[in-house]
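Notes follow the structure.
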Amino acid sequence: MLSLEEIHRLARLARLELSVAEADDMRAQINGILAMVDEMRAVDTTGVAPMSHPQEVTQRLREDRVTETDQRELFHSLAPEVEDGLYLVPKVIE
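According to the working numbering, the stretch in the sequence shown is residues 1 to 94, in order.
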């Protein structure tokens, strides 16, 4: 568990200005989180496979189909220079 001095040191390192009351509240909150982490570490997870998500859910996917019209010729007509379907740009690296 963290002491009040350690909370003030962490606040100084994080460039936070905490009053004595705020530091005491922060200490209680952080110590509560650390206690919960200790409880979780105490649980035996032998034989439990890692999960990417706590629930068995699948993502709804839309149908894979083309929804946009082909505007290649329009875009090429707006470009300063096009050759063989490729946009020509100035050379920037020698």
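In this text, a Cβ means the ideal position worked out from N, Cα and C, and glycines have one as well. Treat the numbers as computed from the prediction; the structure is a model and nothing was measured.
query: Roughly how many whole angstroms lie between the Cα atoms of I30 and A49?
result: Position 30 of the sequence shown, counting from 1, holds the residue named residue 30. Position 49 of the sequence shown, counting from 1, holds the residue named residue 49. For I30 and A49, the distance between alpha carbons rounds to 29 Å.
Simplified DSSP state of V20, which is helix, strand or coil | Counted from its first residue, the sequence shown places residue 20 at position 20. Helix.
Cβ contact (3+ pairs, closer than 8 Å) linking the segment 21-35 and the segment 3-11: yes
Going by CA-CA distance only, name the one from A21, S19, V37 and A14 that's closest to M1. Sequence index remark: in the sequence shown, residue 1 carries index 1 (1-based). If we check each option's Cα against that of M1, V37 comes out closest.
Open item on the list: Rounded to the nearest angstrom, what separates P54 and E63 at their Cα positions?
Closed with: Along the sequence shown, read from residue 1 onward, the residue named residue 54 stands at position 54. Along the sequence shown, read from residue 1 onward, the residue named residue 63 stands at position 63. Going from the Cα of P54 to the Cα of E63 covers about 27 Å.
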